[in-house]
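Chains as they are written, first to last, in the working numbering: chain A, 1 to 375; chain B, 1001 to 1292.
Backbone N, C-alpha and C fix where the C-beta goes; we use that ideal spot for every residue, glycine too.
All of these numbers come straight from a predicted model, not from anything done at the bench.
Heads up, the thing below is written out as structure tokens.
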Amino acid sequence: MKTSFTTEAQRHRGFMKKLFSVSLCLCGGFLFFLFTNTAYARDELHLYNWNNYISDDTVARFEQSCRCKLVQDYYSDNEEMLAKLAAGASGYDLIVPTGNAVESLIKSKQLRPINKQLLPNLRNIDPAYLNTAFDPGNRYSVPYAYTITLIGYNAQKMRELDLPTDTWAVIFEPKYLKKLKGRVTVLDSQRELMAAALKYLGYSANDTDEAHWRRARDLIIRAKPYWAAFNASSYIKELTIGNIWLAHGYSNDMFQAQLDAKNAGRPFTIAYATPKEGAVLALDSMVLHQTGPRPDLAHRFINFMLEGKNSAELTNLIGSGNPNRDAMHHIDLAIAANKAVFPTPEIQTRLEMLKDLDRNQRRVLSRIWTEIKVR
Amino acid sequence: MNRERITRWLVSGPPFVFMVVFFVLPALIMVVASFRFPGEHGGLAPMFENGTWQFTLETYQFFFSDFIYTEIFLKSFLIAGLTTVICIAMAYPVALLITRVPKRFRDVMILLVVLPFASNFLIRVYAWMIILGPQSAFSIAINSVVTAFGFEPVTLLFSPFAVIVGMVYVHLPFMVLPLYTNLEKHDPILLDAAQDLGANAWKRFWKVTWPLSLPGVYAGSALVFIPVLGMFAVPDILGGTGDILIGNLIKEQFLGTRDWPFGSMLSIMLTLAVLAIAALAMRFSRKSLSYA
């Protein structure tokens, strides 16, 4: 067996050969990737969207109808999206921010006006959700879906403990909270938690009077010892497995928790309701970013999403509120009848969209928030 | 001579340029940002507006006007210090053990120490949510003991305890590795000599091993203390209603509040604190090296 006596040099040469062929393959693969990618690049629509905020079926149908590719990038809150754009992210054709973030994007001149002539389906939108304070006349934004910030709860536990489920009092009043110690989470969001406290105290969610903010702060600090955590991400799971019995959160998250608990065959059900004092309504709208290279495709997408069937698909998937009148025929009956998703006209008058704060107000609120966290 | 200089620049140039571009420049940008006004919609206000330069000390005044921010700094130092001490106490026996086992086990054990890095950090922290949750076997076991002694049952998740557990868990390998590299170099003959001279096991450790291992302890402490000081994910996920650290405060300035100058200023404070500690640690470790 002569071959087994290879010299060091031979072995080295063999290794070099292998290395060469491997790197050749890698280069080839890279070039292939590059080519296939540029082949796609001709018709791509870049959507910067919330996590899980469009149904896969809808995406597939849109891609088929426009013969293009929908490329999504995701964010999990408005602040994250604004921070990324402020740091110079570009190339997004479409974004789906909440009202106050739309306002901020309009004022910092980051948006492209929409061309309503390309959007015949705009007439499907309920006028109650048009002409909003953050974008009068809808020059830049088209409503997509909304959520309500409300309370979700373990229905059995709340009944056992004889607690009310239609008021913010259950989140803020020690006489109720003492039965729920360590079983409550509230949103880890300055604006949302302050809005809930302000609403409970009878002020507007957009109140900027510092004295009112301080009253809200005191209310929160008094209730804080009974809460388990400020939580914006895992309360769905905690509700579903029964660790948490009451959570302040978004309606579509509560929808998810309800569904998860049901599918897991839990011995309890998750329910949710809008407190009678009123709450925050977050209307998410489609907007065109200045840096997006394909406003043509973006308009096509907006018009496509304004079709009732496509819009309804999102509501059926995540239980989001729907501002599209034409969508109502396509929405599951159970969701359509849910008062926490589609509020009664009476509750509707007490819902408020958050307005953006100016820099000084933000700094004052941040200080109050830090006090809340530390005390 | 000239060629030597060229080689030296070729070797040290790229990392030097890298440090200047990616550390010194960003740090300077941060310093400048801390003296600017926040933009109306996030970001920064223009530096030059209405014919004047727009710089201010307001942000610094804001920081010192209220003890609350200093309080968060102190608390973060406390948590970082506690985490470091616990890490030393837990990592030292492990590192010692690794040096004392036969060579073939040694590599396996080191692999086991490094293995957690193979899965994502956030997933490992989320796993602690399950372990510490009220329905976990761990919680139930602890609470059965606690209630047997007549105390109220404790909640482990969403507490300062959970934050420390998470911090220690994440940073433990960073303590084990430098300790191991140090302990491995110790000459066993020193311990034999100490024994011959009549030192018992405790004395041999305290008078020989421990002083010799101090550089490893300092290196490990720096690798644990500094990241813990800036950590925001662990308190976010495992912490309760009062567990806010500097990291969370800084994150809040760039996201929730969109107050870049204040965020920059807090980051500078943190960097300065870390540099001061690093300088102190270096001084100590030099001193102990000269002892060795």
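**Study point:** Entirely enclosed alpha helix (DSSP H) segments - the stretch 1002-1035 of chain B, minimum 4 residues
**Key:** 1002-1019 and 1025-1034
Exercise. Are the beta-carbon atoms of residue 206/A and residue 354/A separated by less than 8 Å?
Worked result: Counting from 1 along the first sequence, the entry for residue 206/A is found at position 206. Counting from 1 along the first sequence, the entry for residue 354/A is found at position 354. Cβ distance < 8 Å, so residue 206/A and residue 354/A count as in contact.
Endpoints, alpha helix (DSSP H) assigned at residue 1181/B:
Taking the first residue of the second sequence as position 1, residue 1181/B is located at position 181. Run containing residue 1181/B: 1160-1184, per the alpha helix (DSSP H) assignment.
Please check if any C-beta of chain B sits within less than 8 Å of the C-beta of residue 227/A.
Position 227 of the first sequence, counted from the first residue, corresponds to residue 227/A. Yes, residue 227/A lies at the interface with chain B (some Cβ there is under 8 Å from its Cβ).
Using C-beta distances below 8 Å, list every residue in its chain close to residue 375/A, excluding the 5 sequence neighbours before and after it, in chain order. Locating residue 375/A in the first sequence gives position 375, where the first residue counts as 1. Taken in chain order, the residues that qualify are 221 and 224.
Q.
Quick check on the burial criterion: 16 or more other C-beta atoms within 10 angstroms. Buried or exposed for residue 147/A?
A. Sequence index remark: in the first sequence, residue 147/A carries index 147 (1-based). It is buried - the Cβ of residue 147/A has at least 16 other Cβ atoms within 10 Å.
query = So what does DSSP say about residue 1196/B, is it helix, strand or coil?
reply = Along the second sequence, one-based indexing puts residue 1196/B at 196. Helix at residue 1196/B.
Unbroken beta strand (DSSP E) run spanning residue 153/A, endpoints:
Counting from 1 along the first sequence, the entry for residue 153/A is found at position 153. That run of the beta strand (DSSP E) goes 141-154.
Buried versus exposed, by CB contacts within 10 Å (16 or more), residue 265/A: For this step, residue 265/A is matched to residue 265 along the first sequence. So residue 265/A ends up on the exposed side.
Paired residues, beta bridge with residue 247/A - DSSP
Your numbering for residue 247/A matches position 247 in the first sequence. 152/A and 185/A.
> Just to confirm, are residue 1052/B and residue 1037/B a CB contact at a threshold of 8 Å?
Replying inline: Residue numbering aside, residue 1052/B sits at position 52 when the second sequence is read from its first letter. Residue numbering aside, residue 1037/B sits at position 37 when the second sequence is read from its first letter. Going by C-beta atoms, residue 1052/B is not nearer than 8 Å to residue 1037/B.
Cβ contact check for the stretch 1082-1099 of chain B and the stretch 1178-1186 of chain B: 3 or more pairs under 8 Å: yes
According to the Cβ coordinates, are residue 365/A and residue 129/A closer than 8 Å?
-> Here residue 365/A corresponds to residue number 365 of the first sequence, with the count starting at 1. Here residue 129/A corresponds to residue number 129 of the first sequence, with the count starting at 1. Cβ distance not < 8 Å, so residue 365/A and residue 129/A don't count as in contact.
So does the stretch 242-255 of chain A actually touch the stretch 101-111 of chain A, counting three or more Cβ pairs closer than 8 Å?
no
Problem set entry | Alpha-carbon to alpha-carbon, residue 1062/B and residue 1286/B | The residue you call residue 1286/B lines up with position 286 of the second sequence. The residue you call residue 1062/B lines up with position 62 of the second sequence. Computed Cα separation, rounded: 39 Å.
CB contact check: residue 1056/B to chain A, cutoff 8 Å:
Counted from its first residue, the second sequence places residue 1056/B at position 56. No, residue 1056/B lies away from the interface with chain A (no Cβ there is under 8 Å from its Cβ).
Does the beta-carbon distance from residue 166/A to residue 343/A come in below 8 Å? Taking the first sequence and counting its residues from 1, the one referred to as residue 166/A is at position 166. Taking the first sequence and counting its residues from 1, the one referred to as residue 343/A is at position 343. No; because the gap between Cβ atoms is not below 8 Å, this pair is not in contact.
For residue 314/A versus residue 93/A, is the C-beta spacing smaller than 8 Å? For the purposes of this step, residue 314/A is taken as the residue at position 314 of the first sequence. For the purposes of this step, residue 93/A is taken as the residue at position 93 of the first sequence. Contact: no.
| request: Check whether the Cβ of residue 155/A lies closer than 8 Å to any Cβ atom in chain B. | output: Position 155 of the first sequence, counted from the first residue, corresponds to residue 155/A. No, its Cβ sits nowhere closer than 8 Å to a Cβ of chain B.
- List the residues of chain B whose Cβ lies closer than 9 Å to the Cβ of residue 370/A, in chain order. By 1-based counting over the first sequence, the position of residue 370/A is 370. Near residue 370/A (Cβ distances below 9 Å), the residues of chain B are 1066, 1068, 1069, 1072, 1244, 1249 and 1252.
* To do: Could you tell me which uninterrupted alpha helix (DSSP H) segments, each at least 4 residues in length, are contained entirely in the stretch 1230-1261 of chain B, listed from first to last along the chain?
  => 1233-1238 and 1246-1254
Cβ separation of residue 367/A and residue 1066/B, assumed to be a contact under 8 Å, to the nearest whole Å: Residue 367/A sits at position 367 when you count from the first residue of the first sequence. Residue 1066/B sits at position 66 when you count from the first residue of the second sequence. Indeed, because the Cβ distance is near 7 Å, the residues count as touching under 8 Å.
TODO: Below 6 Å CB to CB, which residues in the same chain sit around residue 326/A once its five sequence neighbours on both sides are set aside?
DONE: Counted from its first residue, the first sequence places residue 326/A at position 326. Taken in chain order, the residues that qualify are 124 and 308.
Review point. Going by beta carbon distance, what residues of the same chain come within less than 7 Å of residue 217/A, once the five residues before and after it are set aside?
Key: By one-based count along the first sequence, residue 217/A stands at place 217. Counting only Cβ-Cβ distances below 7 Å, and skipping sequence neighbours, we find 368, 371 and 372.
Review point. Between the stretch 1013-1030 of chain B and the stretch 133-143 of chain A, are three or more C-beta pairs nearer than 8 Å?
Key: no
- Task: Just grab the DSSP bridge partners of residue 286/A for me.
- Result: Mapped onto the first sequence, residue 286/A falls at position 286. In the DSSP output, where bridge partners are listed per residue, residue 286/A has 142/A.
Identity of the residue in 78/A, 330/A, 126/A and 100/A nearest residue 49/A by Cα: Locating residue 49/A in the first sequence gives position 49, where the first residue counts as 1. Residue 49/A has its Cα closest to that of 78/A, out of 78/A, 330/A, 126/A and 100/A.
Inset, instruction - Return no unless some Cβ of chain B is closer than 8 Å to the Cβ of residue 230/A. - result: Within the first sequence, the letter at position 230 stands for residue 230/A. It does; some Cβ of chain B falls within 8 Å.
- Message: Just to confirm before moving on: does the CB-CB distance between residue 278/A and residue 173/A stay below 8 Å?
- Response: Reading the first sequence from its first residue, position 278 is the one you call residue 278/A. Reading the first sequence from its first residue, position 173 is the one you call residue 173/A. Cβ atoms of residue 278/A and residue 173/A: not closer than 8 Å.
Worksheet item: Quick one: any contact between the stretch 1211-1225 of chain B and the stretch 328-337 of chain A, if contact means 3 or more CB pairs under 8 Å?
Response: no
- request: Compare the beta carbon distance of residue 1247/B and residue 1232/B with 8 Å and say whether it is the shorter of the two.
  value: Taking the second sequence and counting its residues from 1, the one referred to as residue 1247/B is at position 247. Taking the second sequence and counting its residues from 1, the one referred to as residue 1232/B is at position 232. Yes, they are a contact pair.
- [ ] Specify, as a first and last residue, the run of the alpha helix (DSSP H) that residue 1094/B falls within.
- [x] By 1-based counting over the second sequence, the position of residue 1094/B is 94. Note, residue 1094/B: alpha helix (DSSP H), 1067-1100.
- Proximal residues of chain B, C-beta to C-beta of residue 182/A below 7 Å: The residue labelled residue 182/A in the question sits at position 182 within the first sequence. Going along chain B in sequence order, the residues near residue 182/A (Cβ under 7 Å) are 1155.
List, in order along the chain, the chain A residues whose C-beta lies closer than 7 Å to that of residue 1241/B? Working through the second sequence from its first residue, we reach residue 1241/B at position 241. Residues of chain A passing the Cβ test: 224, 227, 229 and 230.
task: Determine which residues share a DSSP beta bridge with residue 69/A and list them.
output: Translated into the one-based positions of the first sequence, residue 69/A becomes position 69. Answer is 44/A, bridged to residue 69/A.
Check your understanding: From residue 1165/B to residue 1236/B, what distance separates their C-alpha atoms?
Key -> As a working note, residue 1165/B is residue 165 in the second sequence. As a working note, residue 1236/B is residue 236 in the second sequence. Using only the alpha carbons, I get a separation of about 14 Å.
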